[in-house]
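Engineer: Mind having a look at this structure? Questions to follow.
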Amino acid sequence: MDPELPEEIRILQKTVRQFVENELAPHEREIEERNEIPRAVIDAMAGAGLFGIGHDERWGGQGFGKLGYCVAIEQAGRANASLWNVIGASAGLCGTAIEIGGPDEVRERYLPRIFAGEMLGAYALSEPGAGSDAGSLKTAARKQGGEYVIEGFKTFITNAPIADVFVVFANVAPDRGSKGITAFVVERGTEGLTVGPNDEKMGLHGSTTAQLFFSGMRVPAANRVGEEGQGFRIALGTLDVGRLGLAAHSVGIAQRLLEASARYAKTRVQFGKPIAVNQGIQWMLADGATEIHAARLMVYDAAARADKGERITQRAAMTKLFATEMLGRVADAAVQIHGGMGYMRELWIERAYRDARITRIYEGTSEVQRMVIAGGLLEDA
Amino acid sequence: MKFLVCLKQVPDSTVRVKVGGDRRSIAAEGITWSISPYDEYAIELALERKDADASTVVSVVTVGPARSRDALRQALAMGCDDATLVTSEADLSALDVAKALAAVVNEAKPDVVLCGKQASDDDQGLVGPALAEALGWPHVGMLTKLVPGASGLELWREVEGGHEVWSAAPPVVALVHKSEKEPRYPSLPGIMKAKRKEIPEKDLASCGVTPGAPRPEVALMDLPPQRGQGKVWKLDGDAKGVAEQVAKALREEAKVV
Ligand SMILES: Cc1cc2nc3c(=O)[nH]c(=O)nc-3n(C[C@H](O)[C@H](O)[C@H](O)COP(=O)(O)OP(=O)(O)OC[C@H]3O[C@@H](n4cnc5c(N)ncnc54)[C@H](O)[C@@H]3O)c2cc1C
Numbered sequence: 001m002d003p004e005l006p007e008e009i010r011i012l013q014k015t016v017r018q019f020v021e022n023e024l025a026p027h028e029r030e031i032e033e034r035n036e037i038p039r040a041v042i043d044a045m046a047g048a049g050l051f052g053i054g055h056d057e058r059w060g061g062q063g064f065g066k067l068g069y070c071v072a073i074e075q076a077g078r079a080n081a082s083l084w085n086v087i088g089a090s091a092g093l094c095g096t097a098i099e100i101g102g103p104d105e106v107r108e109r110y111l112p113r114i115f116a117g118e119m120l121g122a123y124a125l126s127e128p129g130a131g132s133d134a135g136s137l138k139t140a141a142r143k144q145g146g147e148y149v150i151e152g153f154k155t156f157i158t159n160a161p162i163a164d165v166f167v168v169f170a171n172v173a174p175d176r177g178s179k180g181i182t183a184f185v186v187e188r189g190t191e192g193l194t195v196g197p198n199d200e201k202m203g204l205h206g207s208t209t210a211q212l213f214f215s216g217m218r219v220p221a222a223n224r225v226g227e228e229g230q231g232f233r234i235a236l237g238t239l240d241v242g243r244l245g246l247a248a249h250s251v252g253i254a255q256r257l258l259e260a261s262a263r264y265a266k267t268r269v270q271f272g273k274p275i276a277v278n279q280g281i282q283w284m285l286a287d288g289a290t291e292i293h294a295a296r297l298m299v300y301d302a303a304a305r306a307d308k309g310e311r312i313t314q315r316a317a318m319t320k321l322f323a324t325e326m327l328g329r330v331a332d333a334a335v336q337i338h339g340g341m342g343y344m345r346e347l348w349i350e351r352a353y354r355d356a357r358i359t360r361i362y363e364g365t366s367e368v369q370r371m372v373i374a375g376g377l378l379e380d381a
Numbered sequence: 382m383k384f385l386v387c388l389k390q391v392p393d394s395t396v397r398v399k400v401g402g403d404r405r406s407i408a409a410e411g412i413t414w415s416i417s418p419y420d421e422y423a424i425e426l427a428l429e430r431k432d433a434d435a436s437t438v439v440s441v442v443t444v445g446p447a448r449s450r451d452a453l454r455q456a457l458a459m460g461c462d463d464a465t466l467v468t469s470e471a472d473l474s475a476l477d478v479a480k481a482l483a484a485v486v487n488e489a490k491p492d493v494v495l496c497g498k499q500a501s502d503d504d505q506g507l508v509g510p511a512l513a514e515a516l517g518w519p520h521v522g523m524l525t526k527l528v529p530g531a532s533g534l535e536l537w538r539e540v541e542g543g544h545e546v547w548s549a550a551p552p553v554v555a556l557v558h559k560s561e562k563e564p565r566y567p568s569l570p571g572i573m574k575a576k577r578k579e580i581p582e583k584d585l586a587s588c589g590v591t592p593g594a595p596r597p598e599v600a601l602m603d604l605p606p607q608r609g610q611g612k613v614w615k616l617d618g619d620a621k622g623v624a625e626q627v628a629k630a631l632r633e634e635a636k637v638v
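Protein chains in written order, with the working numbering: chain A, 1 to 381; chain B, 382 to 638.
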């Protein structure tokens, strides 16, 4: 791996950083306090091309590959985590599922609009009874002529309250277990689709999450993503990309927390000197810097390999596991270094601390990542 | 109309500059490099002409070390059409840079050459006027706006307390002070388009320049002295009483009024 980023990705990095700092970060407090992302902010992110960064130009993406995607997401970590969450669920998950699954006819119909940010997507895999064990999902699809009739429900679906399209995973042959899982594109307004109220969450304020209910919901067979029974493979392939994105985002958030902590430590005076002169504080900063560096290299390595066409399931799991747990430690240290101010709503530190917590849960908990890593390890042993 | 914007790559304005071990230059390691801010305004002014009239061509050129290629790529990503790099690893005098630029101008034959009014690293502001002199072209400083007018170009310049409008028939060299709008970000498709463009490279010899024009040398570089600790006065009383105490303290203790 070349540790130096290619020229165009360095320009992308700088451009996204400027955009995030000048156009997104000023809305930070408003988004958190109102628990709402102004539509104009979503439109600005769309206008800047953020929805299409890592996706193929053939489908309306910007063509920066997964390395460019990760470098950009890292910079997006310098504003509310909820902002990237909207893009991640829409283009990163819903878009990627369609991009992986196809066919071209479905890709053409949806991807250019999703990658332009004109259409918002959601990815509906989890169910009340199927979280970590997503393969056991119960939503059922029955073929009837040129349509599928879908019954069931989904839970914790990011963007559900605002999405225009959903990729829904349902089982067409429950007796075949996860091999019966099939993916469909469902448009908002489809008869039989009900979106529940926006869930109240610990963090990620501004990003929306809700349940979906399907009752006799008819979906044209032309909206099937991939073949019958390929859904679980598509879901997992999508999560490889999603996990990489979450890891990159964690690196960016941790970097910003570290910078803020170092600045605060240099200016906060106790016992007559800045708290930064104490080794106890310095070690927290040093450990954070070291772990961020390691996580960043893991992200860039996995992304560069994905761009070469390598299968990165194991690496994506390791990277997501390490980067999100690292973020937990860095966010905790940031609150500690800021002392009482770290606990106050007045600063963004406590928000980042709450926002960080979800990264160890969604798109596979830390335990699930370890299952994936160990599974691959034992298979090869 | 054809524009040529001359730019320089300088340490980014967010970089915390440290003095190097020789105490005559800055420590180069870990520096992020960017297009000098006044040059970015120049690019913005030229690109605004291109927005208004798609037949406009905006070229960029720099004379500098190989790393300057990044700055040219950035300009292409912002929307410039083509770029030329004149490589020189050695730090050149303003006069040598102007001579090399003149060679590029003579080849490219632009109608308007725009430079930032000064580069944010050494703030000398010499290259632009020297280039106009080398070319024998008219020179306008402190440019803030540029529009086609009846007799060539209307060149708006900032002056104390207002502005002036000058006019000039191309070719002309203008030094940019500011653009009305902040310089644009590169668009993401713009970055991809820029990636695919070749940036031809020249050396000083092919520009007919043998460096060595007389120049002053930097004798010493130093950071400003550390600011002392602030002082907190505990003052009581009404506004008038407090103001009197502050005025007294400023006169007698701080000795600033
Ligand atoms: C804010 C938010 C947004 C979300 N967005 C989406 C979305 O857009 N689309 C979507 O499909 N889903 C989404 N989810 C769902 C998310 O992916 C799941 O919550 C997650 O996969 C965990 O599932 P669960 O909540 O059912 O926990 P469970 O699976 O019930 O896990 C509970 C605990 O048991 C542990 N555990 C489970 N199995 C094992 C095991 N075998 N070994 C050891 N430990 C185990 C888990 O690690 C965890 O600690 C979202 C969730 C949240 C909170």
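Even glycine gets a Cβ: it sits at the ideal position worked out from N, Cα and C.
If you drop the 5 nearest sequence neighbours on each side, which residues of the same chain put their C-beta closer than 6 Å to that of Lys154(A)?
Structural biologist: Position 154 of the first sequence, counted from the first residue, corresponds to residue 154(A). Correct list, in chain order: Ala124, Glu127 and Leu212.
Engineer: Straight-line CA distance for Glu563(B) to Leu616(B)?
Structural biologist: Locating residue 563(B) in the second sequence gives position 182, counting from the first residue. Locating residue 616(B) in the second sequence gives position 235, counting from the first residue. Distance between the alpha carbons of Glu563(B) and Leu616(B): 44 Å.
Engineer: In chain B, what lies closer than 8 Å to Ile53(A) by C-beta?
Structural biologist: By one-based count along the first sequence, residue 53(A) stands at place 53. Simply Leu569.
Engineer: Any C-beta of chain A sitting closer than 8 Å to the C-beta of Tyr566(B)?
Structural biologist: Taking the first residue of the second sequence as position 1, residue 566(B) is located at position 185. Yes, its Cβ sits closer than 8 Å to a Cβ of chain A.
Engineer: Flag Ile580(B) as yes if its beta-carbon sits less than 8 Å from any beta-carbon of chain A, otherwise no.
Structural biologist: For the purposes of this step, residue 580(B) is taken as the residue at position 199 of the second sequence. For Ile580(B), the answer is no, since every Cβ of chain A falls outside 8 Å of its Cβ.
Engineer: At 4 residues or longer, and completely inside the region 231-293 of chain A: list those alpha helix (DSSP H) runs for me, N to C.
Structural biologist: 231-267
Engineer: Would you call the region 347-359 of chain A in contact with the region 319-329 of chain A, where contact means no fewer than 3 C-beta pairs closer than 8 Å?
Structural biologist: Yes: the two stretches touch, three or more of their Cβ pairs being nearer than 8 Å.
Engineer: Roughly how many angstroms lie between the CA atoms of Pro418(B) and Gly497(B), to the nearest whole one?
Structural biologist: Here residue 418(B) refers to the residue found at position 37 when the second sequence is read from its first residue. Here residue 497(B) refers to the residue found at position 116 when the second sequence is read from its first residue. Looking at the two C-alpha atoms, the distance is approximately 8 Å.
Engineer: Kindly give me the distance between the Cβ atoms of Leu239(A) and Thr324(A), rounded to whole angstroms, as I take these residues to be in contact under 8 Å.
Structural biologist: Working through the first sequence from its first residue, we reach residue 239(A) at position 239. Working through the first sequence from its first residue, we reach residue 324(A) at position 324. With 8 Å as the limit, Leu239(A) and Thr324(A) do not qualify as a contact, their Cβ atoms being about 14 Å apart.
Engineer: Along the region 436-456 of chain B, what residues have a CB closer than 7 Å to any CB found in chain A?
Structural biologist: Asp451, Arg454 and Gln455
Engineer: Use the C-beta contact count for Asp477(B): other C-beta atoms within 10 angstroms, 16 or more gives buried, fewer gives exposed.
Structural biologist: As a position in the second sequence, residue 477(B) is number 96, starting the count at 1. Residue environment for Asp477(B): buried (at least 16 other C-beta atoms within 10 angstroms of its C-beta).
Engineer: Taking 7 Å as the line, does the beta carbon of Val106(A) fall inside it for any heavy atom of ligand 1?
Structural biologist: Position 106 of the first sequence, counted from the first residue, corresponds to residue 106(A). False, no ligand heavy atom lies under 7 Å from that Cβ.
Engineer: For the putative contact between Ile53(A) and His249(A), defined by C-beta atoms under 8 Å, what is the C-beta separation to the nearest angstrom?
Structural biologist: By one-based count along the first sequence, residue 53(A) stands at place 53. By one-based count along the first sequence, residue 249(A) stands at place 249. The C-beta distance from Ile53(A) to His249(A) rounds to 13 Å, too long to fall under 8 Å, and the pair is not in contact.
Engineer: For Ile9(A) and Arg17(A), I'd like the C-alpha separation in whole angstroms.
Structural biologist: On the first sequence, residue 9(A) is found 9 positions in, with the first residue counted as 1. On the first sequence, residue 17(A) is found 17 positions in, with the first residue counted as 1. If you take the alpha carbons of Ile9(A) and Arg17(A), they lie about 12 Å apart.
Engineer: With a Cβ-Cβ cutoff of 8 Å, do Gly364(A) and Lys320(A) count as a contact?
Structural biologist: In the first sequence, the residue the question calls residue 364(A) occupies position 364. In the first sequence, the residue the question calls residue 320(A) occupies position 320. Their beta carbons are under 8 Å apart, which means Gly364(A) touches Lys320(A) by this criterion.
Engineer: At a cut-off of 7 Å, is Glu120(A) close to ligand 1 when judged by its beta-carbon and the heavy atoms of the ligand?
Structural biologist: The residue you call residue 120(A) lines up with position 120 of the first sequence. First, the amino acid is wrong: residue 120(A) is Leu here, not Glu. At a threshold of 7 Å, Leu120(A) does not count as near ligand 1, since its beta carbon sits no closer than that to any of the ligand's heavy atoms.
Engineer: Give me whichever residues DSSP pairs with Pro220(A) in a beta bridge.
Structural biologist: Along the first sequence, one-based indexing puts residue 220(A) at 220. Its beta-bridge partners are Glu147(A).
Engineer: Report all residues from its chain with a CB closer than 7 Å to the CB of Leu515(B); omit the five preceding and five following residues, and keep chain order.
Structural biologist: Looking up residue 515(B) in the second sequence gives position 134. Just to set this straight, residue 515(B) is Ala in the shown sequence, not Leu. Ala479, Lys480 and Ala483.
Engineer: Express the C-alpha separation of Gly611(B) and Gly65(A) in angstroms, rounding to a whole number.
Structural biologist: If you number the first sequence from 1, residue 65(A) lands on position 65. If you number the second sequence from 1, residue 611(B) lands on position 230. Those two C-alpha atoms are separated by around 51 Å.
Engineer: Are the CB atoms of Gly460(B) and Leu495(B) within a distance shorter than 8 Å?
Structural biologist: Within the second sequence, numbered from 1, the residue matching residue 495(B) stands at position 114. Within the second sequence, numbered from 1, the residue matching residue 460(B) stands at position 79. No, they are not a contact pair.
Engineer: Tell me the DSSP secondary structure of Trp518(B) in three-state form.
Structural biologist: Working through the second sequence from its first residue, we reach residue 518(B) at position 137. It is coil, neither helix nor strand.
Engineer: Would a C-beta distance cut-off of 8 Å place Val485(B) and Pro552(B) closer than the cut-off?
Structural biologist: As a position in the second sequence, residue 485(B) is number 104, starting the count at 1. As a position in the second sequence, residue 552(B) is number 171, starting the count at 1. Going by C-beta atoms, Val485(B) is not nearer than 8 Å to Pro552(B).
Engineer: What separation, rounded to the nearest whole angstrom, lies between the Cα atoms of Ala644(B) and Val540(B)?
Structural biologist: It is not possible to answer for residue 644(B), since the shown part of chain B is limited to 382 through 638.
Engineer: If you drop the 5 nearest sequence neighbours on each side, which residues of the same chain put their C-beta closer than 6 Å to that of Glu228(A)?
Structural biologist: For the purposes of this step, residue 228(A) is taken as the residue at position 228 of the first sequence. So the list reads Val172 and Thr182, once near-sequence residues are dropped.
Engineer: Taking 7 Å as the cut-off, is the CB of Thr365(A) close to at least one heavy atom of ligand 3?
Structural biologist: In the structure on display, ligand 3 does not appear, and the ligands it does have are ligand 1.
Engineer: What residues match up with Pro529(B) in a beta bridge as DSSP calls it?
Structural biologist: Here residue 529(B) corresponds to residue number 148 of the second sequence, with the count starting at 1. DSSP, once it has assigned bridges, lists Leu534(B) as partnering Pro529(B).
Engineer: Tell me, please, whether the CB atom of Ala464(B) is closer than 8 Å to any CB atom in chain A?
Structural biologist: Counting from one through the second sequence, the residue named residue 464(B) turns up at place 83. Chain A contact via Cβ: absent.
Engineer: Checking contacts by CB at 8 Å: is Phe156(A) closer than that to chain B?
Structural biologist: Within the first sequence, the letter at position 156 stands for residue 156(A). So, not an interface residue.
Engineer: Can we say the region 135-144 of chain A touches the region 82-89 of chain A, given the rule of at least three CB pairs closer than 8 Å?
Structural biologist: no
Engineer: List, in order along the chain, the chain D residues whose C-beta lies closer than 9 Å to that of Thr313(A)?
Structural biologist: Here the protein chains are A and B, and chain D is not one of them.
Engineer: Where DSSP assigns a beta bridge to Pro392(B), which residues make up the other side?
Structural biologist: Here residue 392(B) refers to the residue found at position 11 of the second sequence. Trp414(B).
Engineer: Looking at the C-beta of Glu105(A), does it have a partner C-beta in chain B at a distance below 8 Å?
Structural biologist: Reading the first sequence from its first residue, position 105 is the one you call residue 105(A). So, not an interface residue.
Engineer: Below 7 Å on C-beta distance, what does Gln270(A) contact in chain B?
Structural biologist: Residue numbering aside, residue 270(A) sits at position 270 when the first sequence is read from its first letter. Going along chain B, no residue has its Cβ under 7 Å from Gln270(A), so there is no contact; the nearest lies around 15 Å.
Engineer: Taking the alpha helix (DSSP H) that Phe166(A) falls in, what are its first and last residues?
Structural biologist: Here residue 166(A) refers to the residue found at position 166 when the first sequence is read from its first residue. Per DSSP, Phe166(A) belongs to no alpha helix (DSSP H); it is in the beta strand (DSSP E), Val165 to Asn171.
Engineer: Run the CB neighbour count on Asn22(A), radius 10 Å, all protein chains shown included, and call it buried at 16 or more, exposed below.
Structural biologist: Counting from 1 along the first sequence, the entry for residue 22(A) is found at position 22. By the 10 Å Cβ count, Asn22(A) comes out exposed.
Engineer: When every heavy atom of ligand 1 is checked, does at least one fall within less than 7 Å of the C-beta of Ala89(A)?
Structural biologist: Position 89 of the first sequence, counted from the start, is the residue given in the question as residue 89(A). Yes, Cβ of Ala89(A) sits closer than 7 Å to a heavy atom of ligand 1.
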